[in-house]
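Student: Line by line, the protein sequences give chains A and B.
Quick note: the first sequence, position 330, residue 335 per our numbering, numbers continuous.
Quick note: the second sequence, position 54, residue 894 per our numbering, numbers continuous.
Positions of the beta carbon are idealized from the N, C-alpha and C atoms, including for glycine.
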Amino acid sequence: MTDRKRFAVLNGGIRVNKPAAADSRKCFEVLTGGLETTVQDYWGREGYLRFGVPRSGPMDKLSFQLGNQLVGNDENAAGIEIQFIGPKLRFFNETVIAITGANNRPKLNQKSIPLWQTAVIQPGDILSFSHAEFGARSYITFAGGIDTPLVMGSRSTFTRAQLGGFQGRKLMQGDVVYTFIPSQPMYQLLDRIVPNESRPEFSRLWQVEVNLGPHDDGLTPDDIQQFFTYDWIVSSKSDRIGYRLEGPKFQFSESARYQSAENGRHPSNTIDYGCSIGSVLLCGHTPTVLLADCPSLTGYIAPFTVTEQSLRKVGQARPGDIINFKQVIQSSASNHRNRLHLDKSVSRLLC
Amino acid sequence: MIYQTLRYRLAGERHLLIEQSDEVDLTVNFKAISLAQMLLGSPEMGPDGIRAIVDVVPSFSTVLIQYDPTVISIQGLIRFCEHCVQYLDSPHNLELSSRLIEIPVHYNDRWSRECFEQYCKTIKPIESNPEWVARLNGLGSIEKLIIYHSTPEWWVGAVGFLVGLPTLMPLNPNFRLHAPKYDPPRTWTPKGTIGVAGGFTTIYPIVVPDGYQMIGRTPAPIFDPQGQLPVFRDTPFLFRIGDRVKFRPIDEEEFEAIEREIVEGRYQYQISEPQTFRLNHYLNHAHAEIA
Chain A
6 MTDRKRFAVL
16 NGGIRVNKPA
26 AADSRKCFEV
36 LTGGLETTVQ
46 DYWGREGYLR
56 FGVPRSGPMD
66 KLSFQLGNQL
76 VGNDENAAGI
86 EIQFIGPKLR
96 FFNETVIAIT
106 GANNRPKLNQ
116 KSIPLWQTAV
126 IQPGDILSFS
136 HAEFGARSYI
146 TFAGGIDTPL
156 VMGSRSTFTR
166 AQLGGFQGRK
176 LMQGDVVYTF
186 IPSQPMYQLL
196 DRIVPNESRP
206 EFSRLWQVEV
216 NLGPHDDGLT
226 PDDIQQFFTY
236 DWIVSSKSDR
246 IGYRLEGPKF
256 QFSESARYQS
266 AENGRHPSNT
276 IDYGCSIGSV
286 LLCGHTPTVL
296 LADCPSLTGY
306 IAPFTVTEQS
316 LRKVGQARPG
326 DIINFKQVIQ
336 SSASNHRNRL
346 HLDKSVSRLL
356 C
Chain B
841 MIYQTLRYRL
851 AGERHLLIEQ
861 SDEVDLTVNF
871 KAISLAQMLL
881 GSPEMGPDGI
891 RAIVDVVPSF
901 STVLIQYDPT
911 VISIQGLIRF
921 CEHCVQYLDS
931 PHNLELSSRL
941 IEIPVHYNDR
951 WSRECFEQYC
961 KTIKPIESNP
971 EWVARLNGLG
981 SIEKLIIYHS
991 TPEWWVGAVG
1001 FLVGLPTLMP
1011 LNPNFRLHAP
1021 KYDPPRTWTP
1031 KGTIGVAGGF
1041 TTIYPIVVPD
1051 GYQMIGRTPA
1061 PIFDPQGQLP
1071 VFRDTPFLFR
1081 IGDRVKFRPI
1091 DEEEFEAIER
1101 EIVEGRYQYQ
1111 ISEPQTFRLN
1121 HYLNHAHAEI
1131 A
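#1: Report the residue from B:869, B:1064 and B:924 whose alpha carbon sits nearest the alpha carbon of residue 166 of chain A.
#2: Taking Cβ-Cβ distances shorter than 9 Å, what residues in chain A pair up with residue 845 of chain B?
#3: Could you tell me whether the Cβ of residue 1082 of chain B comes closer than 8 Å to any Cβ of chain A?
#4: Based on the DSSP secondary-structure assignment, which residues constitute the bridge partners of residue 332 of chain A?
#5: Distance check for residue 193 of chain A and residue 1030 of chain B, CA to CA, integer angstroms please.
#6: Can residue 186 of chain A and residue 46 of chain A be called in contact, C-beta distance under 8 Å?
#7: So with CB distances below 8 Å, who are the chain A contacts of residue 901 of chain B?
#8: Using the beta-carbon count (16 or more within 10 Å), is residue 348 of chain A buried or exposed?
#9: Tell me whether residue 1005 of chain B sits in a helix, a strand or coil according to DSSP, three-state version.
#10: Does DSSP classify residue 248 of chain A as helix, strand or coil?
#11: Drop a sphere of 10 angstroms on the beta-carbon of residue 843 of chain B, count the other beta-carbons inside from all chains shown, and report buried for 16 or more, exposed for fewer.
#12: Do residue 299 of chain A and residue 246 of chain A have their beta-carbon atoms positioned less than 8 Å apart in this structure?
#13: Could you name the residues of chain A that residue 1077 of chain B contacts, counting a contact when the two beta carbons are closer than 7 Å?
#14: Which of the three DSSP states is assigned to residue 116 of chain A in this structure?
#15: Does residue 1007 of chain B have its Cβ less than 8 Å from a Cβ in chain A?
#16: Taking just the CA atoms, how far does residue 306 of chain A sit from residue 277 of chain A?
#17: May I ask you to list, following chain order, the residues of the segment 1013 to 1047 of chain B that have a beta carbon less than 7 Å from some beta carbon of chain A?
#18: Following the continuous beta strand (DSSP E) through residue 918 of chain B, name the residue where it begins and the one where it ends.
#19: Are residue 1015 of chain B and residue 992 of chain B touching if we call contact CB-CB under 8 Å?
#20: Looking at residue 55 of chain A: is its Cβ nearer than 8 Å to the Cβ of residue 897 of chain B?
#21: Between residue 173 of chain A and residue 162 of chain A, is the Cβ-Cβ spacing less than 8 Å?
#22: Just the Cα atoms here: how many angstroms apart are residue 921 of chain B and residue 875 of chain B?
#23: What does a CB cutoff of less than 6 Å around residue 1111 of chain B pick up in its chain, not counting 5 residues either side in sequence?
#24: For the beta strand (DSSP E) containing residue 309 of chain A, list its first residue and its last residue.
#25: If you check the beta carbons only, do residue 287 of chain A and residue 301 of chain A fall under 8 Å apart?
#26: Quick check: the segment 1100 to 1107 of chain B against the segment 1009 to 1023 of chain B, are there 3 or more CB pairs under 8 Å?
#27: Just reading off the alpha helix (DSSP H) that residue 960 of chain B is part of, what are its end residues?
#28: Indicate whether the contact test is met: 3 or more Cβ pairs, each with one atom in the segment 128 to 136 of chain A and one in the segment 71 to 80 of chain A, closer than 8 Å.
#29: Could you check whether residue 153 of chain A and residue 103 of chain A sit closer than 8 Å to each other, using their CB atoms as the reference points?
#30: Count the other C-beta atoms from every protein chain shown that fall within 10 angstroms of the C-beta of residue 32 of chain A, then say buried if there are 16 or more, exposed otherwise.
#31: With distances taken between CB atoms, is the gap from residue 1060 of chain B to residue 944 of chain B smaller than 8 Å?
#32: Strictly below 9 Å CB to CB, what residues from chain A border residue 1001 of chain B?
#33: Among residues of its own chain, excluding the 5 on either side of residue 990 of chain B, which ones have a beta-carbon nearer than 6 Å to its beta-carbon?
#34: Out of curiosity, what's the CA-to-CA distance linking residue 912 of chain B and residue 923 of chain B?
#35: Are the C-beta atoms of residue 283 of chain A and some chain B residue less than 8 Å apart?
#36: Got a sec, what are the start and stop residues for the beta strand (DSSP E) residue 31 of chain A sits in?
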C-alpha cells in the first residue's frame, strides 16, 4: 500500500527532533517569531483529503516558487511563509536567500535589501522585517531548502492539527532551523533577479477569477450578477483556512429555499459534502473562500470556485482590501495543472 | 429523493462533485462509499495507475473526485464514473469491509461542562447540553440518554472536515438523536468530546471550534500523528469510512486510568477484525426487526 509507505515516513520522521541527515546543516536561529511564520512547500500535501488533511503549502504559490527559483532550488524545496509581521532571524552559516511576495521591507543587519533577488548571507547576519503596504504574505527561500521531516509527503505546516513543518507549529523564539546543503555552488546564485515584468502585481484591489459551480443552482440570476459586480471587502476574520467577505445579502433560488429538512434550516445549508480549496462557500450570507488549510467537508453550498491561478490573489489580500470576481468559462484546453514554468523569468542582474 | 440519474457538479478545474440524492440514508451512503472505493482503487485511473484520479472524498450522498486535468478531461472522467456506476445499480448486492470499534465515553463529563459554562459566561446562556438533548428526544433523564446513545452500533458515514473526524449515524434509525447546533458556534471544543446534532454523532480529534451539542468525552485518541500507540503505527487516523462504533459508558475514574495507559503507550483499543458488512443482509434484518 502506498499509504503504508507514506505513513512509515511520517512515523519515522516526527520522532526525530533534529534532522540528523549528513546533507543538512544549521541555517538560522529564530530571535523573534513574528505573527505566523511557518515552513511551507510546493505543492503541499496531496492524497489525504479523504482523511480530512488539507493541501496546505504557500498561499501565494507564484511568489514562493519565484523565490525557490532564485536560489536554485528544486520546485519541491521548503521555505518560509511570513504573515503581516515578519520574524527576526540570525544566521549560522554563509548561504544565499531570496525574499519574495509582499514587500515587507526586509533589512539585513539594519540595512534595507531588495525583494525579488538573491542576497548573500554571512554567519552572524541578522534578517528583520517591517510592515508591507500591499499584500499579506512574504516568503523567504534558502539555497538548498529547509530540512524538516516529510509528513505525508510534504514539509508544509498545518498548525491546526500540529502536522508537518517545524514540529507542526509556527516558528518561535529559540527555534533552530536546518537547511539542506545546496547542490549548486554559491557563486552561481549571486545577483539573480526576477525582472519587473515577471513579478506578480500587488494592490489593494484584486481581480479574482472563478468558475461557476458546484452549487450555482442555489442562487438566483440576480444573486450571481450581484456577486460579479459588487466590491467585496475582505473581513478581518480571514486566515489560511478561509477568507470571509463582507457585502450584500443573497436571495437564494427556489430549490435552495424549499428543500428537505436534512439539508438544514438556512437556504445556504446542504447535506455535508466533500469540498475543495478555492470553493466560495456561502455561510449564511457571508461568502467564504476556502484556502490552503481548509476543511474537507462542509454543510454550506459553494456556488463558485476560485481558479488555481487566482488563489494567490486571495491569499495576498489584506483585511479591508477589495475583491472583484470575474467568471471564466472552464475549457478542457486550459485545464493544465498550473504547475509553474518559470525558467525564463529569472535572469542575471545586469550590472 | 434519490435522483433518477446522478448529478455531476463541476467544482473548479480539478474537482468533480457527484450527487445522488438530497436525503441521507444508509443505502445512499453505502453507494457513495462503494463508488469512492471503485474510483480510488481503479488500477488504471487511480493513484496506483496513471493518477487521473488523485483523491476521492465520499460523504453521505456525494462523492468528491480530485482529478488531474493534465491526465484526463472532465468529459473523460464523467464517462469513467458512468462506467463505474453501472456496477453499483443494485446497491443491495453491495458489501463493505467494516470493523467494530469500541469507544469508551465518560458521559456528562466535567471537561465539556467547563467548556459549556465558559460559553454561557462569554457568549450567551444556554441549557446544559446532555439535559437538553435528553429532553428534546423525549428521554427524560441523562441516564436514559446514556443508555440510548450507547445501545446502537453507529455507522462511520463520513471521515473528514478535519484530520480523521468521523460523522456517525445509528445503523438503526430509531436511535437518531435530534438536536440543533450551537448558534453562534463555540470557539473551542475539548479534544475527544462526543458531540450530537441533526441525527449524527461526532468525535473531535483535536481542539476545534464547532457547534454540536457536547454530551461526553472519550480519553482514547482518534488521531495520533506521532504514532505512539500501536493502533496508529500504520496510519494516524483511527476511523475508516464504513467502520462501526459502539460507545461504552465509563466513569471518571476509568477515564483517568485509560488516560494513564495512553501516556504509557499500553492502551489497547477494542477493534474487531474487518468483517464483511452486506447492505441487503442488514436491510432485511432491520425490516424483520421493525415488523
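Tutor: Here's the rundown:
#1: The residue given as residue 166 of chain A occupies position 161 in the first sequence. Residue 166 of chain A has its Cα closest to that of B:1064, out of B:869, B:1064 and B:924.
#2: Within the second sequence, the letter at position 5 stands for residue 845 of chain B. None at all; the shortest Cβ gap to chain A is about 16 Å.
#3: Counting from 1 along the second sequence, the entry for residue 1082 of chain B is found at position 242. For residue 1082 of chain B, the closest Cβ of chain A is not nearer than 8 Å.
#4: Reading the first sequence from its first residue, position 327 is the one you call residue 332 of chain A. Answer is A:215, bridged to residue 332 of chain A.
#5: Along the second sequence, one-based indexing puts residue 1030 of chain B at 190. Along the first sequence, one-based indexing puts residue 193 of chain A at 188. Whole-angstrom Cα-Cα distance: 52 Å.
#6: Counted from its first residue, the first sequence places residue 186 of chain A at position 181. Counted from its first residue, the first sequence places residue 46 of chain A at position 41. Here residue 186 of chain A is not near residue 46 of chain A, since their CB atoms are 8 Å or more apart.
#7: Numbered from its first residue, the second sequence carries residue 901 of chain B at position 61. Chain A residues near residue 901 of chain B: 276 and 278.
#8: Mapped onto the first sequence, residue 348 of chain A falls at position 343. Legend: pLDDT at residue 348 of chain A = 43, less than 50; position of this residue unreliable, value from coordinates given subsequently. It counts as exposed.
#9: Walking along the second sequence from the start, residue 1005 of chain B turns up at place 165. The answer is coil: DSSP assigns residue 1005 of chain B none of H, G, I, E or B.
#10: Along the first sequence, one-based indexing puts residue 248 of chain A at 243. The answer is strand: DSSP assigns residue 248 of chain A an E or B state.
#11: Here residue 843 of chain B refers to the residue found at position 3 of the second sequence. Looking at its Cβ environment, which holds fewer than 16 other Cβ atoms inside 10 Å, residue 843 of chain B is exposed.
#12: In the first sequence, residue 246 of chain A corresponds to position 241, counting from 1. In the first sequence, residue 299 of chain A corresponds to position 294, counting from 1. Yes. Within cutoff.
#13: Along the second sequence, read from residue 1 onward, the residue named residue 1077 of chain B stands at position 237. Within 7 Å Cβ-Cβ: 56.
#14: Sequence index remark: in the first sequence, residue 116 of chain A carries index 111 (1-based). Residue 116 of chain A falls in the strand class under three-state DSSP.
#15: Reading the second sequence from its first residue, position 167 is the one you call residue 1007 of chain B. The beta-carbon of residue 1007 of chain B is placed less than 8 Å from the nearest beta-carbon of chain A.
#16: Start at 1 with the first residue of the first sequence, and residue 277 of chain A comes out as number 272. Start at 1 with the first residue of the first sequence, and residue 306 of chain A comes out as number 301. Straight-line Cα distance between these residues: approximately 9 Å.
#17: Listed in sequence order: 1046.
#18: Numbered from 1 along the second sequence, position 78 holds the residue referred to as residue 918 of chain B. In the DSSP assignment, residue 918 of chain B falls outside any beta strand (DSSP E) and within the unbroken alpha helix (DSSP H) covering 914 to 926.
#19: Counted from its first residue, the second sequence places residue 1015 of chain B at position 175. Counted from its first residue, the second sequence places residue 992 of chain B at position 152. Yes, these two residues count as a Cβ contact at 8 Å.
#20: Position 50 of the first sequence holds residue 55 of chain A. Position 57 of the second sequence holds residue 897 of chain B. Taking 8 Å as the Cβ cut-off, residue 55 of chain A and residue 897 of chain B qualify as a contacting pair.
#21: Taking the first residue of the first sequence as 1, we reach residue 173 of chain A at position 168. Taking the first residue of the first sequence as 1, we reach residue 162 of chain A at position 157. It is a contact, given that the beta carbons lie within the stated cut-off.
#22: In the second sequence, residue 921 of chain B corresponds to position 81, counting from 1. In the second sequence, residue 875 of chain B corresponds to position 35, counting from 1. If you take the alpha carbons of residue 921 of chain B and residue 875 of chain B, they lie about 8 Å apart.
#23: On the second sequence, residue 1111 of chain B is found 271 positions in, with the first residue counted as 1. 939 and 941, listed in sequence order.
#24: Taking the first residue of the first sequence as position 1, residue 309 of chain A is located at position 304. Per DSSP, residue 309 of chain A belongs to the beta strand (DSSP E) from 309 to 311.
#25: If you number the first sequence from 1, residue 287 of chain A lands on position 282. If you number the first sequence from 1, residue 301 of chain A lands on position 296. Not in contact: residue 287 of chain A and residue 301 of chain A (Cβ atoms no closer than 8 Å).
#26: No, the segment 1100 to 1107 of chain B does not touch the segment 1009 to 1023 of chain B.
#27: Residue 960 of chain B sits at position 120 when you count from the first residue of the second sequence. Segment 950 to 962, the alpha helix (DSSP H) holding residue 960 of chain B.
#28: With a cut-off of 8 Å, the segment 71 to 80 of chain A and the segment 128 to 136 of chain A do not count as touching, because too few Cβ pairs lie within range.
#29: Here residue 103 of chain A corresponds to residue number 98 of the first sequence, with the count starting at 1. Here residue 153 of chain A corresponds to residue number 148 of the first sequence, with the count starting at 1. Going by C-beta atoms, residue 103 of chain A is not nearer than 8 Å to residue 153 of chain A.
#30: Position 27 of the first sequence, counted from the start, is the residue given in the question as residue 32 of chain A. Label assigned to residue 32 of chain A: buried.
#31: Taking the second sequence and counting its residues from 1, the one referred to as residue 1060 of chain B is at position 220. Taking the second sequence and counting its residues from 1, the one referred to as residue 944 of chain B is at position 104. The answer is yes: Cβ separation under 8 Å.
#32: As a working mapping, residue 1001 of chain B is identified with position 161 in the second sequence. What residue 1001 of chain B touches in chain A: 57, 277, 300, 301, 302 and 303.
#33: Working through the second sequence from its first residue, we reach residue 990 of chain B at position 150. Correct list, in chain order: 1087 and 1089.
#34: Working through the second sequence from its first residue, we reach residue 912 of chain B at position 72. Working through the second sequence from its first residue, we reach residue 923 of chain B at position 83. If you draw a straight line from the Cα of residue 912 of chain B to the Cα of residue 923 of chain B, it comes to about 15 Å.
#35: Taking the first sequence and counting its residues from 1, the one referred to as residue 283 of chain A is at position 278. At least one CB of chain B lies nearer than 8 Å to the CB of residue 283 of chain A.
#36: Translated into the one-based positions of the first sequence, residue 31 of chain A becomes position 26. For residue 31 of chain A, the enclosing beta strand (DSSP E) stretches over residues 29 to 37.
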